[in-house]
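Asker: Positions 664 to 728 (our numbering) are the ones given, in order, by the sequence shown.
Where is the CB? At the ideal position from N, CA and C, for every residue including glycine.
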Amino acid sequence: MHLISALLLAIASNIDNFAVGIAYGVKKLKIGILTNLFIAFVSAIGTYLSVAVGKDINQLISFCT
664 MHLISALLLA IASNIDNFAV GIAYGVKKLK IGILTNLFIA FVSAIGTYLS VAVGKDINQL
724 ISFCT
């Protein structure tokens, strides 16, 4: 079950990246490696924080019931 959840999260979080990539590709614009790494880092931090907050909310809900 965790594998399916992880796969769905990966697909959902990358749909917008796919659209932006197509738009940049159509215009033949390139993103530099440092900029790309920075975007990946910010995305990873956002995903980590979302998972951490979700776990905290899950524990809070479980504690209240």
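If we ignore side chains and look at the alpha-carbon of each, how far apart do residue 722 and residue 716 end up?
Answerer: Taking the straight line joining both Cα atoms gives about 10 Å.
Asker: For residue 700, does the three-state DSSP call read helix, strand or coil?
Answerer: Correct three-state label for residue 700: helix.
Asker: Our contact map puts residue 710 next to residue 676 with C-beta atoms below 8 Å; I'd like the distance itself, whole angstroms only.
Answerer: Confirmed, Cβ separation roughly 7 Å.
Asker: So, are the CB atoms of residue 694 and residue 687 less than 8 Å apart?
Answerer: Contact flag set, yes.
Asker: Chain B beta carbons: is any one of them nearer than 8 Å to that of residue 724?
Answerer: Although the question refers to chain B, the structure presented lacks it and comprises just one protein chain.
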